[in-house]
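The block underneath contains the structure these notes are about, expressed in structure tokens.
Have a look at this one:
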């Protein structure tokens with residue numbers, strides 16, 4: 001709109017700030033995705049917010065995957081205790097969905113054969 005000369009930005013905490021078009025260079029668009037969605041990708045810089053969440057999800061594999069997505073720089077936000085717990089948590093959380101049994105039934109495989 002030609003009559004508007006500001007851009008309204010609403011922050012996560014509810015604050016609203018009008019930026020004049022002359023100050024738009026102060027804003028920078030950024031994106032966030034989960035570590036799981038980032039698998040197989042690489043980024044110039046990665047920020048890992050390890051500030052809470054289900055303990056069972058905080059494991060060594062997740063930390064490794066997050067860190068290795070960074071090409072040049074990685075920043076970890078969280079306590080050293082959280083990082084230490086993740087390093088020590090080597091358990092794999094297996095999901096039991098019944099998929100293996102269904103594959104065996106469809107392929108007519110006995111229980112001791114590998115699907």
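Numbering (UniProt numbering), first residue to last: 1 to 115. Glycine included, every Cβ here is placed at the ideal spot set by N, Cα and C. The structure presented is a predicted model; accordingly, all values stated were derived computationally and were not measured.
Of the residues assessed, residue 56 falls on the exposed side of the cut-off, its CB having fewer than 16 other CB atoms within 10 angstroms. The three-state reading of DSSP puts residue 72 in strand, counting E and B together.
Contact between residue 86 and residue 60 holds: their C-beta atoms lie close to 6 angstroms from each other, under 8 angstroms.
The three-state reading of DSSP puts residue 43 in strand, counting E and B together. Close CB contacts of residue 5 within its chain, under the 8 angstroms cut and outside five residues either way in sequence, are with 20 and 21 (chain order).
Here residue 110 has 104 as same chain residues with Cβ atoms under 8 angstroms from its own Cβ, once five neighbours each way along the sequence are excluded.
Taking a 10 Å sphere around the C-beta of residue 66, we find 16 or more other C-beta atoms and assign the residue as buried. Here residue 16 is bridged, per DSSP, to 10. Residue environment for residue 90: exposed (fewer than 16 other C-beta atoms within 10 angstroms of its C-beta). With at least 16 other beta carbons inside 10 angstroms of its own, residue 46 counts as buried.
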